Each structure stands twice: as structure tokens, then as C-alpha cells.
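Undergrad: Under our numbering, read the sequence shown as residues 4 to 313, first letter to last. Note that beta-carbon positions come from the ideal geometry of N, C-alpha and C, so glycine has one too. Nothing here was measured: the structure is a model prediction, and the numbers come from that model.
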Amino acid sequence: MLHVVIRGAPKGNKPAILTYHDVGLNHKLCFNPFFNNEDMQEITKHFVICHVDAPGQQVGAAQFPQGFQYPTMDQLAGMLPTVVQHFGFKSVVGIGVGAGAYILAKFALIHPDLVEGLVLLNINPNGKGWIDWAASKLSGLTSNIPDVVLPHLFSQDELVNNSELVQSYRQQINNAINNYNLQLFWNLYNSRRDLEMNRGGTALNAKTLKCPVMLVVGDNAPAEEGVVSPMADSGGLPQLTQPGKLTEAFKYFLQGMGYMPSASMTRLARSRTASLTSAGSGEGSRSRACTNSDSTEGVGAVTQTMEVSC
4 MLHVVIRGAP KGNKPAILTY HDVGLNHKLC FNPFFNNEDM QEITKHFVIC
54 HVDAPGQQVG AAQFPQGFQY PTMDQLAGML PTVVQHFGFK SVVGIGVGAG
104 AYILAKFALI HPDLVEGLVL LNINPNGKGW IDWAASKLSG LTSNIPDVVL
154 PHLFSQDELV NNSELVQSYR QQINNAINNY NLQLFWNLYN SRRDLEMNRG
204 GTALNAKTLK CPVMLVVGDN APAEEGVVSP MADSGGLPQL TQPGKLTEAF
254 KYFLQGMGYM PSASMTRLAR SRTASLTSAG SGEGSRSRAC TNSDSTEGVG
304 AVTQTMEVSC
């Protein structure tokens, strides 16, 4: 049973933005700071947002009974077409973090016709070896589950310094998520298999993602080795520590897909433009690029929120 939160209403033929959180979080802990960021409003007014919570991870979820068999990662990915069809979405642009990124990548591999693009944060496409799996299993038996998942979410520097963000999330994970349900999800994530993806053209009949993909990772995140260029000064969870930078990158990603061609610049982009203009003010007049909000895509009525179970 998936818990789904819808914000806004479908906008014409545009895809929905579908999010999937990391293990140890839910959609509120994982995405609220990002989607509530001022710059993100320029994007959210053009798309309906669909937040998916993994089974039993939402705030106030009932504890699963003893012996409950948590769905596999493949099964979790296989539930998403039901969500898409239930709400009548033609397609989605997925934003996933950690375990959620893995699930969305699996979903896109199985149902490429439903996914227009993916933003994958801190994804680890590889399964765990037996030694790593056993170590994770043992740590889950001997430690509090919030302390077990924190090293998965945050950088070593953040943990050593016991930053305010780490302290806050330790408390919220302990209070907002049923720890028994979280343990089941954690065990399941650590028993995942390799995604077994290849770049297109590298192998005959290679399994590869057919849609545009943006890979994001913090410069000190546990998943840093999986990407080419990390996002600077963003610790372990870029959507929490650098929402402005991520919003700007996401906006350009959407524009590259043909959406929001005339969206206004983010505050970060405006500040860069102002700096460049100031630096070049003594070099004579120059032509300036100007972007405006797309007036043909009128903003809908007040955003509505709907919670359902699928």
C-alpha cells in the first residue's frame, strides 16, 4: 500500500513531477525544504507534483505486523504504474533520492513509455555484497535504527561535527517514522540487486535508460563515487543543503526537455547575472539576455493537496 500526496492539478499535456524519498525519510523529510524553496515556485506552478511514500514510511503510519513481508525493490517499482494510471498522468518526470532514485530508475527501465526524464540524487545502482549485507543486518540488530541510517544519508563530516541538520533529522526520523517499518525498508534496500544498466551502444541489447537523466550528488555524500561531478558545498543531501543550486539545475533540465522555455531566472542565476553586469559595466554597453515568465501557461488556482493510498 503506497501513500501518495498530490499537490496542484495536471497542467495540460505536461508530465507530473513524481518524487520518491530515500530510506530513513518520507516525502516530507526528504522534499519539503526543496519544494518549499522560493525559487522552486517558478517550477511547481507549471506542474502537478506527486509525492510517493514507500509502504509504512509516511507520518502516522500503522506498524506492520510481525512477519510482514516488505515488498522488494522490483515490487516497489512495479507499483508506480498503478499510481500513474490512477491519477490519469500521461507520463512523469521522476525525482528520486537514494533508495527512491534506485526505485525510479528500475521503474524507468521497465516502463520507459511512462517516464520522460529522471533526476537521480545519491543513487547507488549496485547491490551489496554478502559481507556488507551481513554488516548492515548486524548493525540494525545492535543499534537504534535512526543511528544506522544516518551514515547513509549524511556525509562523514556532517556526522563527525554532529551538525544542526543531523541532530534535527535524527530526532525527526525517530519521531516521525515508525522505526519497525523503517527497519523493514532498510533491510530490503540493503538486499537489493544490481540495476545492471549499461550506457547505450556499449553492449548488444544493453539495458539502458531511454529518457534524459540528471545525476546529482553532494561533494561529500556517501554516494559520491557514483557520479562524475559532485555538487559543491552540499554535504550528503543536496536538496536540503543547496536547494537553490538544485532548483537552478532542475529548471535547466526541464527546459532542455522543452518545458518552461521562458521561465524567469532563479535568484542564484540573477545574482550571477548581476555580478557579471557589474563587472563589465565599464566596458561599454552590451546586449543583455532577458527572460520572462511564460504568460501562455497561466498559473492555476490555489494549490490543492490530496492524500490517497494506492
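Could you check whether the Cβ of Val169 sits closer than 7 Å to any Cβ belonging to chain B?
TA: Absent from the structure: chain B. Only one protein chain is present.
Undergrad: Rounding to the nearest angstrom, what Cα-Cα distance links Asn181 and Ala102 in this structure?
TA: Here residue 181 is taken as the residue at index 178 of the sequence shown, counted from 1. Here residue 102 is taken as the residue at index 99 of the sequence shown, counted from 1. So the two alpha carbons sit approximately 18 Å from each other.
Undergrad: Tell me, which residues are paired with Asp56 by DSSP?
TA: For the purposes of this step, residue 56 is taken as the residue at position 53 of the sequence shown. DSSP, once it has assigned bridges, lists His6 as partnering Asp56.
Undergrad: Can you tell me whether Arg173 is buried or exposed? The criterion is at least 16 other CB atoms within 10 Å of its CB, across all chains shown.
TA: Reading the sequence shown from its first residue, position 170 is the one you call residue 173. Answer is buried; the Cβ neighbour count reaches 16.
Undergrad: Please report the residue range of the alpha helix (DSSP H) in which Ile3 lies.
TA: The displayed coordinates of the chain run from 4 to 313. Any statement about residue 3 would go beyond what the structure contains.
Undergrad: Whole angstroms are fine: how far does the CA of His54 sit from the CA of Leu21?
TA: If you number the sequence shown from 1, residue 21 lands on position 18. If you number the sequence shown from 1, residue 54 lands on position 51. Distance between the alpha carbons of Leu21 and His54 is about 6 Å.
Undergrad: Name the DSSP beta bridge partners of Ser1, please?
TA: The chain is shown from 4 up to 313; residue 1 falls before or after that span and cannot be answered.
Undergrad: Taking just the CA atoms, how far does Gln61 sit from Asn177?
TA: As a first step, residue 177 is located in the sequence shown; it is residue number 174 there, counting from the start. As a first step, residue 61 is located in the sequence shown; it is residue number 58 there, counting from the start. Rounded to whole angstroms, Asn177 to Gln61 spans 13 Å at the Cα level.
Undergrad: Within 10 angstroms of the Cβ of Gly27, are there 16 or more other Cβ atoms? Answer buried if so, exposed if not.
TA: Translated into the one-based positions of the sequence shown, residue 27 becomes position 24. Gly27 comes out buried.
Undergrad: Would you give the residue range spanned by the alpha helix (DSSP H) that Tyr262 belongs to?
TA: Counted from its first residue, the sequence shown places residue 262 at position 259. That residue, Tyr262, is in no alpha helix (DSSP H); it is neither H nor E in DSSP.
Undergrad: Going by CA-CA distance only, name the one from Leu187, Glu167, Ile46 and Ser94 that's closest to Leu243.
TA: Within the sequence shown, residue 243 is the residue found at index 240, counting from 1. Cα-wise, what sits closest to Leu243 is Glu167.
Undergrad: Any idea if Gly261 is buried or exposed, counting beta-carbon neighbours within 10 angstroms, 16 or more meaning buried?
TA: Within the sequence shown, numbered from 1, the residue matching residue 261 stands at position 258. Under this definition Gly261 is an exposed residue.
Undergrad: What residue does the alpha helix (DSSP H) around Ala104 start on, and which one ends it?
TA: Here residue 104 corresponds to residue number 101 of the sequence shown, with the count starting at 1. Looking at the DSSP string, the run of the alpha helix (DSSP H) that includes Ala104 is Ala102 to Ile113.
Undergrad: In terms of residues, what are the limits of the beta strand (DSSP E) holding Ala19?
TA: Against the sequence shown, residue 19 aligns to sequence position 16. Taken as a continuous stretch (DSSP letters only), the beta strand (DSSP E) holding Ala19 covers Ala19 to Tyr23.
Undergrad: For Glu199, I'd like the list of residues in its chain whose CB is within less than 7 Å of its CB, leaving aside the five on either flank, ordered along the chain.
TA: As a working note, residue 199 is residue 196 in the sequence shown. Taken in chain order, the residues that qualify are Lys210.
Undergrad: Can you tell me where the alpha helix (DSSP H) with Val163 in it begins and where it stops?
TA: Translated into the one-based positions of the sequence shown, residue 163 becomes position 160. Note, Val163: alpha helix (DSSP H), Gln159 to Val163.
Undergrad: Starting from the C-beta of Ala179, find all residues in its chain whose C-beta is less than 6 Å away, skip the five residues before and the five after it, and write them out in chain order.
TA: Stepping through the sequence shown from its first residue, residue 179 is reached at position 176. Here the set comprises Val62.
Undergrad: Helix, strand or coil for Met200, going by three-state DSSP, please let me know.
TA: Residue numbering aside, residue 200 sits at position 197 when the sequence shown is read from its first letter. Note: Met200 maps to coil in three-state DSSP.
Undergrad: Which first and last residues belong to the alpha helix (DSSP H) in which Val169 is found?
TA: What you label residue 169 is simply residue 166 of the sequence shown in a count that begins at 1. Taken as a continuous stretch (DSSP letters only), the alpha helix (DSSP H) holding Val169 covers Glu167 to Ala179.
Undergrad: List the endpoints of the continuous beta strand (DSSP E) containing Gly27.
TA: Position 24 of the sequence shown, counted from the start, is the residue given in the question as residue 27. Per DSSP, Gly27 belongs to no beta strand (DSSP E) and is neither H nor E.
Undergrad: Which residues mark the beginning and the end of the beta strand (DSSP E) in which Leu124 is found?
TA: Here residue 124 refers to the residue found at position 121 of the sequence shown. Element bounds for Leu124: Val118 to Leu124.
Undergrad: Count the other CB atoms within 10 Å of the CB of Asn164; is the residue buried (16 or more) or exposed (fewer)?
TA: Along the sequence shown, one-based indexing puts residue 164 at 161. Exposed, by the Cβ-count rule.
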